[in-house]
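If you're matching positions, the sequence shown starts at 978 in my numbering and goes up one per residue.
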Amino acid sequence: MKTSADITAETLDQLAAGLRGDLIAAGDPAYDAARAVYNGMIDKHPAAIVRCRDVADVIACVRFGRDRGIELAVRSGGHNAAGLGVADDALVIDLSLLRSTTLNPENRTVRADAGCTWGDVDHATGAFGMATPSGFLASTGVAGLTLGGGIGYLTRRFGLTVDNLLSADVVLADGSLVTASASSHSDLFWALRGGGGNFGVVTSFTFRCHDIGEGGTVIAGPVFYDLADVGEVMRWYRELIPSLPEELSGWIGLLTVPPVPPFPEQLWGRKVCGIVWCYTGRHDRAEAVLEPVRTFGSPLMVGLQPMPFSALQSTFDPLYPAGMQWYWRADFFNEISDAAIEVHRKYGALLPTGHSTMHLYPIDGAASRVAADATAFAYRDGGWAGIIVGVDPDPANAGLISQWTKDYWQELHPTSAGGAYVNFLMDEGQDRVKAAYRGNYDRLAQIKERYDPDNVFHVNQNIQPASNPGR
Ligand SMILES: Cc1cc2nc3c(=O)[nH]c(=O)nc-3n(C[C@H](O)[C@H](O)[C@H](O)COP(=O)(O)OP(=O)(O)OC[C@H]3O[C@@H](n4cnc5c(N)ncnc54)[C@H](O)[C@@H]3O)c2cc1C
C-alpha cells in the first residue's frame, strides 16, 4: 500500500475535481475535525477524507484508491471503538453526509442512506409508530452496526438488525454498484448480514419495520439494585429472561449512577447493578408482563415509564458524547454462570471511572430462531453478548480504564462461549475474528474471494480472501 507521501497534492486535486463532495487533506483547517472519530483514543492521520455527496463520489473514491494502490477506510457513524472508520495514510470514504431516510408505510419498510445514525431512522419510523431493530443508542451509525449484526432492545421480539435487512446497495471493489438481497447477489447478501465492511461500500440499506408499543410508545426504563445484591439479581435475571414474553427485553449491567437528573440525587455516583427494560407490547398487558420486574428484590430505583421508543434509544446519548476515551473487550455467553457472577461482583466494585460499565445483552427469542448459518452472524444460541467498557473523558485515565477492562475480561473469558460480537472487537488479531464467525468464516472467505479478491476493503475486522489469506 502507498503512504501519504505517495499521494501527491496533484493526484488529490484530480480526485477532487470529479467529486460533488469535499476532499479534506492534511493542512486543511477542517482536517483535525474530519479525521476525529467517536473514540477519542483513536488518533489517526489519513492522507485525505472525502465527504461523499452521492454514490458517484463513492465510486470515484473506490476506483481512485484501487487503481493507485492507496489504502481505503470507510466511515459512516464513526462509532467503531477500534477506530476502523479511519486509518493512517488512507483515503477515508466518509459517508456521514448521506443521511436521508425514506419510509414506505404501505410496504412497512424504511430505506436509510449509509451516513444515517439510528436516531435518523427512529425519527422516520417513530412518526408511524414503527421501528426496525437497531441498538441501544441513537448516535451509533446504521452502517457499521448493521454490517456487524445489530443487537438492541428489539432483538428478542424481531431479531437482529440483519434479520430485518431486505436489501443493500453496495459499491464493490471494482467500482460497480449492485443491489444485494435474497434474490440478487444472494451470496453477498448473506455475507453482509454480519460480515462487516469486508465486501464493499454499502450506500443504502432497506429494512423491514414493525409496529411497536402503542403508536410507538413503549414502557421502558432502568431498575437499579445495590451492588451487594448483584449475585441474587443476576441469578434471578438469567432464569427470568427466557421465561418472558418476547415483547419484554432487558439488558443487565454494572454502572455508576450518572450525577444528573432524572436520576435521584441520593443515588448520584453510586455503583449499582442495573437492568434497563423495554416493553413493546400492548399497554393493557403491561402490568401483568412487568409484574415480576416490579416485585423482585429491593430496588434502589424503578424508572419504568411510558415513552416514545426514540426517547428510549437516545436516553444515554448525552451521557456519552463523542471524543471520550474508550477501551472495551467482549465475548458471547451461553449462560451467566455462578463463576461469571463472582467475576462481575469483583470488577463491579472496581469500576474505575463514572462512565465505565459492563453490559450483557440478550440474544434469544426471534434472533435465536434464525439458523446460525442463515446469515454470517453465528452466535444464536439464546445467550448474551457481553461487553466490558472502560470510558473516561480524560486521556490521562486511558491506562487505568484499559487495564481494568483487560483484567476483567481475562477473568471472565473462561466462562464465555469463545468468540465475541464482531462490532465489539478491538484490534485483537485474526483468531478472534475467526472466533466471531465460528463455522461461517470459511464461507465468508469464499465470498470475499469472489467480491474483493485483492482485499481492497481491509480496514475492518478482516476476512481474508479464501485463496490468498495473507493478502
Ligand atoms: C457508544 C456505542 C454504543 C454502541 N451500541 C451498540 C448497540 O447497541 N448494538 C450494536 O449492535 N452495536 C453497538 N455498538 C457497536 C457498533 O455497532 C459498532 O461500533 C459499529 O462499527 C458502528 O458503526 P458506525 O457506522 O458508527 O462505525 P464506523 O466507525 O463509521 O465504521 C465501522 C466499521 O464499519 C465499516 N463501515 C462503516 N460504514 C460502512 C459502509 N457504509 N459500507 C461498508 N463498510 C462500512 C468500516 O469499514 C469500519 O470497519 C456501539 C458502539 C458504541 C461506540
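Built from N, CA and C at the ideal position, the CB exists for glycine as well. Quantities reported herein were computed from a predicted structural model and do not represent experimental measurements.
Going by CA-CA distance only, name the one from His1162, Thr1079, His1056 that's closest to Gly1112. Locating residue 1112 in the sequence shown gives position 135, counting from the first residue. Here the closest residue by C-alpha is His1056.
Local conformation of Lys1021 per DSSP, three classes: By one-based count along the sequence shown, residue 1021 stands at place 44. Here Lys1021 sits in coil by DSSP.
As a quick exercise: from Arg1045, Glu1223, Gly1251, pick the residue whose alpha carbon is nearest that of Val924. Residue 924 lies beyond the residue range present for the chain, which begins at 978 and ends at 1448; the question has no answer from this structure.
Buried versus exposed call for Gln1441 [16 or more other C-beta atoms within 10 Å across all chains shown]: For the purposes of this step, residue 1441 is taken as the residue at position 464 of the sequence shown. Per the 10 Å Cβ criterion, buried.
Would Arg1346 and Ser1226 be called neighbours here (beta carbons separated by less than 7 Å)? Mapped onto the sequence shown, residue 1346 falls at position 369. Mapped onto the sequence shown, residue 1226 falls at position 249. No, these two residues do not count as a Cβ contact at 7 Å.
For Pro1241, name the three-state secondary structure that DSSP assigns. In the sequence shown, counting from the first residue as 1, residue 1241 sits at position 264. Correct three-state label for Pro1241: coil.
Chain-order list of residues whose beta-carbon lies under 7 Å from that of Leu1137 (same chain, five-residue window excluded): Residue mapping note: residue 1137 aligns to position 160 of the sequence shown, counting from 1. Excluding sequence neighbours, Leu1137 sits near Pro1110, Gly1126, Gly1127, Ile1128, Ala1344, Phe1354.
The stretch 1297 to 1309 in contact with the stretch 1207 to 1222 per 3-pair CB rule at 8 Å: no
Whether or not the stretch 1364 to 1381 and the stretch 1432 to 1446 are in contact is what I'm after, with contact meaning three or more pairs of Cβ atoms, one per stretch, closer than 8 Å; do they touch? no
Could you compute how far the alpha carbon of Thr1330 sits from the alpha carbon of Tyr1356? Taking the first residue of the sequence shown as 1, we reach residue 1330 at position 353. Taking the first residue of the sequence shown as 1, we reach residue 1356 at position 379. The alpha-carbon atoms of Thr1330 and Tyr1356 are separated by roughly 31 Å.
Who are the Cβ neighbours of His1162 in its own chain at under 7 Å, not counting the five residues just before and after it? On the sequence shown, position 185 is the one that residue 1162 refers to. So the qualifying residues of the chain are Val1155.
Taking a contact to mean a Cβ-Cβ separation below 7 Å, would you say Gln1290 touches Asp1090 in this structure? Translated into positions along the sequence shown, residue 1290 becomes position 313. Translated into positions along the sequence shown, residue 1090 becomes position 113. No; because the gap between Cβ atoms is not below 7 Å, this pair is not in contact.
Are the stretch 1030 to 1041 and the stretch 1144 to 1160 touching, with three or more C-beta to C-beta distances below 8 Å? yes
Sub-7 Å separation of Leu1337 and Gly1363 beta-carbons: Within the sequence shown, numbered from 1, the residue matching residue 1337 stands at position 360. Within the sequence shown, numbered from 1, the residue matching residue 1363 stands at position 386. It is a contact, given that the beta carbons lie within the stated cut-off.
For Ala1011, which residues does DSSP report across the bridge? Against the sequence shown, residue 1011 aligns to sequence position 34. None; Ala1011 has no bridge partner.
Could you tell me if Val1139 is buried or exposed, where buried requires 16 or more neighbouring beta carbons within 10 angstroms of its beta carbon? Position 162 of the sequence shown, counting from 1, holds the residue named residue 1139. Buried: at least 16 other Cβ atoms inside 10 Å.
For Gln991, does the three-state DSSP call read helix, strand or coil? Taking the first residue of the sequence shown as position 1, residue 991 is located at position 14. Note: Gln991 maps to helix in three-state DSSP.
Using CA atoms only, rank isn't needed, just tell me which of Thr1257, Phe1184, Pro1239 is closest to Thr1194. Position 217 of the sequence shown, counted from the start, is the residue given in the question as residue 1194. The shortest C-alpha separation from Thr1194 is found at Thr1257.
List the endpoints of the continuous alpha helix (DSSP H) containing His1100. Here residue 1100 corresponds to residue number 123 of the sequence shown, with the count starting at 1. First-last of the alpha helix (DSSP H) with His1100: 1095 to 1103.
Tell me, to the nearest whole angstrom, how far the beta carbon of Cys1186 is from that of Ala1288; I am working on the premise that it is less than 8 Å. Looking up residue 1186 in the sequence shown gives position 209. Looking up residue 1288 in the sequence shown gives position 311. About 18 Å separates the two Cβ atoms, so there is no contact after all.
Leu1296, buried or exposed, once every other Cβ within 10 Å from all chains shown has been counted against 16: Looking up residue 1296 in the sequence shown gives position 319. Flag for Leu1296 reads exposed.
Cβ-heavy atom distance, Ser1379 to ligand 1, below 6 Å: Position 402 of the sequence shown, counted from the start, is the residue given in the question as residue 1379. Flag unset: Cβ of Ser1379 not near ligand 1.
Could you compute how far the alpha carbon of Met1018 sits from the alpha carbon of His1332? To locate residue 1018, count along the sequence shown from 1; it is residue 41. To locate residue 1332, count along the sequence shown from 1; it is residue 355. About 15 Å.
Can you tell me whether DSSP reads Pro1295 as helix, strand or coil? Counting from 1 along the sequence shown, the entry for residue 1295 is found at position 318. DSSP places Pro1295 in helix when its eight states are reduced to three.
Residue(s) in a DSSP beta bridge with Thr1334: The residue labelled residue 1334 in the question sits at position 357 within the sequence shown. DSSP output for Thr1334 lists Val1366 as bridge partner(s).
Please name the residue or residues paired with Ile1001 in a DSSP beta bridge. Counting from 1 along the sequence shown, the entry for residue 1001 is found at position 24. Answer is Ile1026, bridged to Ile1001.
Gly1042 vs Val1014 beta-carbon contact at 7 Å: Position 65 of the sequence shown holds residue 1042. Position 37 of the sequence shown holds residue 1014. It is not a contact, given that the beta carbons lie outside the stated cut-off.
Beta strand (DSSP E) segment containing Pro1283, residue limits: Along the sequence shown, one-based indexing puts residue 1283 at 306. Where Pro1283 is concerned, the enclosing beta strand (DSSP E) stretches over 1282 to 1285.
Through-space distance from Thr1086 to Asn1141, alpha-carbon basis: Translated into positions along the sequence shown, residue 1141 becomes position 164. Translated into positions along the sequence shown, residue 1086 becomes position 109. Going from the Cα of Asn1141 to the Cα of Thr1086 covers about 9 Å.
C-alpha distance - Gly1230 paired with Thr1334, whole-angstrom precision: Counting from 1 along the sequence shown, the entry for residue 1230 is found at position 253. Counting from 1 along the sequence shown, the entry for residue 1334 is found at position 357. Going by the C-alpha atoms only, they are around 7 Å apart.
Between Met978 and Ala994, what straight-line distance do the alpha-carbon atoms span, to the nearest angstrom? Residue mapping note: residue 978 aligns to position 1 of the sequence shown, counting from 1. Residue mapping note: residue 994 aligns to position 17 of the sequence shown, counting from 1. Low per-residue confidence applies at Met978: pLDDT is 49, beneath 50, and the placement is therefore not dependable, though the value from the model is reported in the following sentence. So the two alpha carbons sit approximately 23 Å from each other.
Asp1315 - containing beta strand (DSSP E), residue span: As a working note, residue 1315 is residue 338 in the sequence shown. Not the beta strand (DSSP E): Asp1315 falls in the alpha helix (DSSP H), residues 1315 to 1325.
For ligand 1, any of its heavy atoms closer than 6 Å to the Cβ of Val1179? Numbered from 1 along the sequence shown, position 202 holds the residue referred to as residue 1179. It does: the Cβ of Val1179 is within 6 Å (strictly closer) of some heavy atom of ligand 1.
What would DSSP say about Ile1047, mapped onto helix, strand or coil? Translated into positions along the sequence shown, residue 1047 becomes position 70. Ile1047: coil per DSSP, three-state reduction.
What is the rounded straight-line gap between the Cα of Thr980 and the Cα of Gln1438? Start at 1 with the first residue of the sequence shown, and residue 980 comes out as number 3. Start at 1 with the first residue of the sequence shown, and residue 1438 comes out as number 461. For Thr980, the pLDDT reaches just 49, beneath the cut-off of 50, and the residue's location in the model is therefore unreliable, although a value from the coordinates is still provided. Each residue's Cα considered, the two are about 21 Å apart.
Is Phe1113 near ligand 1, with its Cβ less than 6 Å from a heavy atom? Working through the sequence shown from its first residue, we reach residue 1113 at position 136. Yes; taking the cut-off as 6 Å, the Cβ of Phe1113 has a heavy atom of ligand 1 nearer than that.
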